[in-house]
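S.K.: Order-wise, the sequence lines are chains A and B. For reference, each letter of the first sequence is one residue, going 120 to 398 in my numbering. For reference, each letter of the second sequence is one residue, going 120 to 398 in my numbering.
2 protein chains.
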Amino acid sequence: MDRKQLIMEKAIELFAARGFDATSVQQITDHCGISKGAFYLSFKSKDELINEIIDYFMKRFTTGVDRVVKESTEPERKLFNLYLYLFTEFQRHSDFANMFVKDRLHTLNEDLLIKIHRYDQLMNHSILHLLRECYGTKIEKTKYELLYNIKGLLDIYSHIIFTYHMPIDANHLADVLVERTHLLANYSQKVFINEVMFRNFNEKMNFEIKNVQQSIDSEIKYLLDILTNPLEVESVEILNKELQKSKPSHAIIKGMLENIKSNDQCHWLIYLVQSHLEM
Amino acid sequence: MDRKQLIMEKAIELFAARGFDATSVQQITDHCGISKGAFYLSFKSKDELINEIIDYFMKRFTTGVDRVVKESTEPERKLFNLYLYLFTEFQRHSDFANMFVKDRLHTLNEDLLIKIHRYDQLMNHSILHLLRECYGTKIEKTKYELLYNIKGLLDIYSHIIFTYHMPIDANHLADVLVERTHLLANYSQKVFINEVMFRNFNEKMNFEIKNVQQSIDSEIKYLLDILTNPLEVESVEILNKELQKSKPSHAIIKGMLENIKSNDQCHWLIYLVQSHLEM
DNA sequence: GTTGACACTGACCGATTAGTCATTTATTAT
DNA sequence: ATAATAAATGACTAATCGGTCAGTGTCAAC
Chain A
120 MDRKQLIMEK
130 AIELFAARGF
140 DATSVQQITD
150 HCGISKGAFY
160 LSFKSKDELI
170 NEIIDYFMKR
180 FTTGVDRVVK
190 ESTEPERKLF
200 NLYLYLFTEF
210 QRHSDFANMF
220 VKDRLHTLNE
230 DLLIKIHRYD
240 QLMNHSILHL
250 LRECYGTKIE
260 KTKYELLYNI
270 KGLLDIYSHI
280 IFTYHMPIDA
290 NHLADVLVER
300 THLLANYSQK
310 VFINEVMFRN
320 FNEKMNFEIK
330 NVQQSIDSEI
340 KYLLDILTNP
350 LEVESVEILN
360 KELQKSKPSH
370 AIIKGMLENI
380 KSNDQCHWLI
390 YLVQSHLEM
Chain B
120 MDRKQLIMEK
130 AIELFAARGF
140 DATSVQQITD
150 HCGISKGAFY
160 LSFKSKDELI
170 NEIIDYFMKR
180 FTTGVDRVVK
190 ESTEPERKLF
200 NLYLYLFTEF
210 QRHSDFANMF
220 VKDRLHTLNE
230 DLLIKIHRYD
240 QLMNHSILHL
250 LRECYGTKIE
260 KTKYELLYNI
270 KGLLDIYSHI
280 IFTYHMPIDA
290 NHLADVLVER
300 THLLANYSQK
310 VFINEVMFRN
320 FNEKMNFEIK
330 NVQQSIDSEI
340 KYLLDILTNP
350 LEVESVEILN
360 KELQKSKPSH
370 AIIKGMLENI
380 KSNDQCHWLI
390 YLVQSHLEM
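(1) Quick one: what's got a C-beta closer than 8 Å to Tyr238 (chain A)'s C-beta in the same chain, skipping five residues either side?
(2) Below 6 Å CB to CB, which residues in the same chain sit around Ser307 (chain A) once its five sequence neighbours on both sides are set aside?
(3) Reducing DSSP to helix, strand and coil, say where Trp194 (chain B) ends up.
(4) Identify the continuous alpha helix (DSSP H) that holds Glu377 (chain A) and give its terminal residues.
(5) Using a Cβ-Cβ cutoff of less than 7 Å, which residues in the same chain neighbour Ser277 (chain B) once the five nearest sequence positions on both sides are dropped?
(6) Who are the near neighbours of Val392 (chain A) in its chain, counting only those whose CB is closer than 7 Å to its CB and skipping five residues on each side?
(7) What residues in its chain sit with their C-beta under 8 Å from that of Asp174 (chain A), if we drop five residues either side in the sequence?
(8) For a minimum of 4 consecutive residues, which ranges assigned as the alpha helix (DSSP H) are wholly contained in the region 272-297 of chain B?
(9) Taking the alpha-carbon positions, what's the Leu296 (chain A) to Glu353 (chain B) distance?
(10) Which residue's Cα is closest to the Cα of Ser381 (chain A): A:Leu358, A:Leu350 and A:Ile357?
(11) Rank A:Ala304, A:Glu314, A:Ile312 and A:Ala293 by C-alpha distance to the C-alpha of Ile312 (chain B) and give the top, closest one.
(12) For Glu264 (chain A) versus Val315 (chain A), is the C-beta distance shorter than 7 Å?
(13) Helix, strand or coil: which one does DSSP assign to Glu327 (chain A)?
(14) In chain A, which residues lie with their C-beta within 7 Å of the C-beta of Lys309 (chain B)?
(15) Report the option in B:Ser191, B:Asp121, B:Glu190 and B:Gln146 whose CA atom is closest to the CA atom of Ser161 (chain B).
(16) For Ala141 (chain A), which of helix, strand or coil comes out of DSSP?
(17) Just mark Ile379 (chain B) as buried or exposed, buried being the case when its beta carbon has 16 or more other beta carbons within 10 Å.
(18) If Pro194 (chain B) and Leu249 (chain B) are in contact, beta carbons under 8 Å, what's the gap, nearest whole angstrom?
(19) I'd like to check one pair, Asp214 (chain A) with Ile279 (chain A): are the Cβ atoms closer than 7 Å?
(20) Is the CB-CB distance between Leu303 (chain B) and Asn268 (chain B) below 7 Å?
(21) How many whole angstroms separate the CB atoms of Glu338 (chain B) and Leu396 (chain B), which I take to be in contact at a CB cut-off of 8 Å?
(22) Hey, how far is the Cα of Val144 (chain A) from the Cα of His244 (chain A)?
(23) So what does DSSP say about Gln332 (chain B), is it helix, strand or coil?
(24) With respect to the alpha helix (DSSP H) encompassing Lys257 (chain A), which residues constitute its N-terminal and C-terminal limits?
(25) Apart from the five residues just before and just after Asp166 (chain B), which ones in its own chain have a Cβ nearer than 7 Å to its Cβ?
(26) Would you give the residue range spanned by the alpha helix (DSSP H) that His395 (chain A) belongs to?
(27) If the criterion is Cβ atoms closer than 7 Å, does the pair Met200 (chain B) and Val187 (chain B) meet it?
(28) On the premise that Leu231 (chain A) lies in contact with Val170 (chain A), defined as a C-beta separation below 8 Å, what is that separation, rounded to the nearest angstrom?
(29) Under 7 Å, Cβ to Cβ, is there at least one residue of chain B near Tyr306 (chain A)?
(30) Hey, is Lys270 (chain A)'s beta-carbon within less than 7 Å of any beta-carbon in chain B?
(31) Between which residues of its own chain and Glu361 (chain B) is the CB-CB distance below 8 Å, once the five residues before and five after are set aside?
(32) Taking Asp214 (chain A) as the query, report the chain B residues whose CB atoms sit under 7 Å from its CB, ordered along the chain.
(33) In terms of alpha-carbon separation, which member of A:Phe281, A:Lys189, A:Lys364 and A:Glu356 lies closest to Met242 (chain A)?
(34) Quick one: which chain A residues come within Cβ less than 8 Å of His291 (chain B)?
(35) Given this structure, state the Cα-to-Cα distance separating Leu198 (chain A) from Thr300 (chain A), to the nearest angstrom.
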């Protein structure tokens, strides 16, 4: 398990510098100080590696954004925190973010693109929720436009940061972006991206949306494999049993989720269960 | 010469769909219906192909933007025309734009990245000029920020158009973007990107800026090679002689530029000479 | 009909790739 | 100490890559 972590970290460094296609498995294993054979003990293929890397970080960012949006502070503060969180995370995991910004990864298989699109949709959902909290019905017509304007700003500043290797003051940048968001939200009148178009985006990627229950099952199975803390293992087991019931107790579920909250690896499961039960 | 055009067009189609690295020379030649050997009669290498493609389109876009900015209509109208021009061009050459948006091309040699960066700087210069015309001293502090905010918007809408293969109403989109630009220009107070940072961007790419005179010389040499219209050939020759003089006549230069204006292939030379003499 | 100039072909080359597997090394159990 | 098991190795394969070049086909000149 430790081995996988090592390979992923070292691989990201190389992917960030050279891109995915241009980095060979041999280069990765050299950089790790292991043999090529050892790589294939941890990963079935090079594709599986990039798959797991993207999964790991996208889960992390998605749950992180969701956590910020669900905070119990005033909405405007949350907007600031959202920007702050994203740029702080981008800096903390600059190699991954760099890889993601530079490589558009369109070389990869369709499945991976769809997966990325799904995470993107989850993040859209969270951001739209926050925007509704901040600006209410005022932005009813312009909310989708606003969403993409914000994403445009996020993209360009990320791009600047990574192409010029700039260390930045995330607080300062977040402050500026909140001002820009207020401007766009409060004064925009004209609309290009309407609801029909927004739905169209998501339908063009017409993959069968994976059953949430199924996602939860596989995530529980995965966690039971890797978790070591007995309390956490037991909590996940109880949670699993409870979810099988036709009328699961919200109290038990909430308690179990609380038990595993402190472990980062469990955040995706928490996010999935909460979404499933609309807690 | 026709052969080169064919290869470039077919190659762009494949690059747009699969990316540069993932497209082999064999695939390109198959798609053209020619042999692999014939490819190397037109291009020294695969790198030279991508180089010429990028050169061709970047010259085209850069001169196009410059032309819009130098129009003699009122500034606000020019801003609209700028957006309109860019999105119209992106649609007209959607394969190239798609390739450029998807592939970040960072796999390629450093020279090409620097070249792209130079074109980017030229476009920044034009846009900043226009913004100064539109908003005057009001945006003195925020102009660099405004420039990148605009670029963020351009990026995200381009991204949407290409990933979802949407046909768009460029007039409508340009109208919306003009409104957003006005908002950001008139009400933004806080600043993240200041002049120091902006200069930093360009210094980080610390290539020796190629002598403009040198660029003009090589462009003239190139045009004399490919031009067929006798009037144009003669005009370029006269222009060349005039530029060699210590005190070239602006009247003659202006006239010669006018003579070749109608040929698209000459626009880059016109742009270079005008920049050189600040006409 | 012969010649020379030219565009064009596709088999071929060396290099590099992802992935495999017989063999060796390390660890654990007895 | 020995046997049994697991972990790790790197030479190997088959495929693909960009790029080359001896040879083929075509056409105009004489």
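Glycine is no exception: its CB is placed at the ideal position from the N, C-alpha and C atoms.
M.R.: With the structure as the only source:
(1) Counting from 1 along the first sequence, the entry for residue 238 (chain A) is found at position 119. For Tyr238 (chain A), where only same-chain residues beyond five positions count, the Cβ hits under 8 Å are Met177, Lys178, Phe180 and Thr181.
(2) The residue given as residue 307 (chain A) occupies position 188 in the first sequence. Thr261, listed in sequence order.
(3) Taking the second sequence and counting its residues from 1, one reaches residue 194 (chain B) at position 75. Inspection of the sequence shows that residue 194 (chain B) is occupied by Pro rather than by Trp. In the structure shown, Pro194 (chain B) sits in a helix (DSSP, three-state: H, G or I).
(4) As a working mapping, residue 377 (chain A) is identified with position 258 in the first sequence. Glu377 (chain A) -> alpha helix (DSSP H) spans His369 to Ile379.
(5) In the second sequence, counting from the first residue as 1, residue 277 (chain B) sits at position 158. Same-chain partners within the cutoff: Phe209, Ala216 and Val220.
(6) By 1-based counting over the first sequence, the position of residue 392 (chain A) is 273. Within the same chain, Val392 (chain A) has close Cβ partners Ile335, Ile372 and Leu376.
(7) Position 55 of the first sequence holds residue 174 (chain A). Within the same chain, Asp174 (chain A) has close Cβ partners Lys234.
(8) none
(9) On the first sequence, position 177 is the one that residue 296 (chain A) refers to. On the second sequence, position 234 is the one that residue 353 (chain B) refers to. Rounded to the nearest angstrom, the two C-alpha atoms are 55 Å apart.
(10) Within the first sequence, residue 381 (chain A) is the residue found at index 262, counting from 1. Nearest C-alpha to Ser381 (chain A): A:Leu350.
(11) For the purposes of this step, residue 312 (chain B) is taken as residue 193 along the second sequence, with counting starting at 1. A:Ala293 is the residue among A:Ala304, A:Glu314, A:Ile312 and A:Ala293 whose C-alpha sits nearest the C-alpha of Ile312 (chain B).
(12) Indexing the first sequence from 1 puts residue 264 (chain A) at position 145. Indexing the first sequence from 1 puts residue 315 (chain A) at position 196. No; because the gap between Cβ atoms is not below 7 Å, this pair is not in contact.
(13) Your numbering for residue 327 (chain A) matches position 208 in the first sequence. For Glu327 (chain A), the predicted model reports a pLDDT of 47, less than 50, meaning its position is unreliable; a value from the coordinates is still stated below. It is coil, neither helix nor strand.
(14) Taking the first residue of the second sequence as 1, we reach residue 309 (chain B) at position 190. Result: Asp294, Val295 and Glu298.
(15) Taking the second sequence and counting its residues from 1, one reaches residue 161 (chain B) at position 42. The residue with the shortest Cα to Cα distance from Ser161 (chain B) is B:Asp121.
(16) Residue numbering aside, residue 141 (chain A) sits at position 22 when the first sequence is read from its first letter. DSSP places Ala141 (chain A) in coil when its eight states are reduced to three.
(17) Numbered from its first residue, the second sequence carries residue 379 (chain B) at position 260. It counts as buried.
(18) Here the question's residue 194 (chain B) lines up with position 75 in the second sequence. Here the question's residue 249 (chain B) lines up with position 130 in the second sequence. 7 Å between Cβ atoms; contact.
(19) Translated into the one-based positions of the first sequence, residue 279 (chain A) becomes position 160. Translated into the one-based positions of the first sequence, residue 214 (chain A) becomes position 95. No, Cβ-Cβ distance for Ile279 (chain A) and Asp214 (chain A) is not below 7 Å.
(20) Walking along the second sequence from the start, residue 303 (chain B) turns up at place 184. Walking along the second sequence from the start, residue 268 (chain B) turns up at place 149. Going by C-beta atoms, Leu303 (chain B) is nearer than 7 Å to Asn268 (chain B).
(21) Counting from one through the second sequence, the residue named residue 338 (chain B) turns up at place 219. Counting from one through the second sequence, the residue named residue 396 (chain B) turns up at place 277. The pair is not a contact, with the Cβ atoms about 15 Å apart (cut-off 8 Å).
(22) On the first sequence, position 25 is the one that residue 144 (chain A) refers to. On the first sequence, position 125 is the one that residue 244 (chain A) refers to. The alpha-carbon atoms of Val144 (chain A) and His244 (chain A) are separated by roughly 36 Å.
(23) As a first step, residue 332 (chain B) is located in the second sequence; it is residue number 213 there, counting from the start. Residue state, collapsed to three classes: helix.
(24) The residue you call residue 257 (chain A) lines up with position 138 of the first sequence. Where Lys257 (chain A) is concerned, there is no enclosing alpha helix (DSSP H), given that its DSSP letter is neither H nor E.
(25) If you number the second sequence from 1, residue 166 (chain B) lands on position 47. Answer for Asp166 (chain B): Asn228, listed in chain order.
(26) Locating residue 395 (chain A) in the first sequence gives position 276, counting from the first residue. Residues His386 to Leu396.
(27) What you label residue 200 (chain B) is simply residue 81 of the second sequence in a count that begins at 1. What you label residue 187 (chain B) is simply residue 68 of the second sequence in a count that begins at 1. Correcting the residue identity first, residue 200 (chain B) is Asn in this sequence and not Met. Yes. Within cutoff.
(28) Here residue 170 (chain A) corresponds to residue number 51 of the first sequence, with the count starting at 1. Here residue 231 (chain A) corresponds to residue number 112 of the first sequence, with the count starting at 1. A quick correction: the sequence has Asn, not Val, at residue 170 (chain A). About 6 Å separates the two Cβ atoms, so the contact holds.
(29) Walking along the first sequence from the start, residue 306 (chain A) turns up at place 187. At least one chain B Cβ lies under 7 Å of Tyr306 (chain A).
(30) In the first sequence, the residue the question calls residue 270 (chain A) occupies position 151. Yes - at least one Cβ of chain B is within 7 Å of the one on Lys270 (chain A).
(31) Position 242 of the second sequence, counted from the start, is the residue given in the question as residue 361 (chain B). Here the set comprises Pro367, Ser368, Ile371, Ile372 and Met375.
(32) Within the first sequence, the letter at position 95 stands for residue 214 (chain A). The premise fails here: Asp214 (chain A) is roughly 14 Å from chain B at the closest Cβ pair, so nothing lies under 7 Å.
(33) Indexing the first sequence from 1 puts residue 242 (chain A) at position 123. A:Lys189 is the residue among A:Phe281, A:Lys189, A:Lys364 and A:Glu356 whose C-alpha sits nearest the C-alpha of Met242 (chain A).
(34) To locate residue 291 (chain B), count along the second sequence from 1; it is residue 172. Those are Phe311, listed as they occur along chain A.
(35) By 1-based counting over the first sequence, the position of residue 198 (chain A) is 79. By 1-based counting over the first sequence, the position of residue 300 (chain A) is 181. Taking the straight line from one Cα to the other gives about 9 Å.
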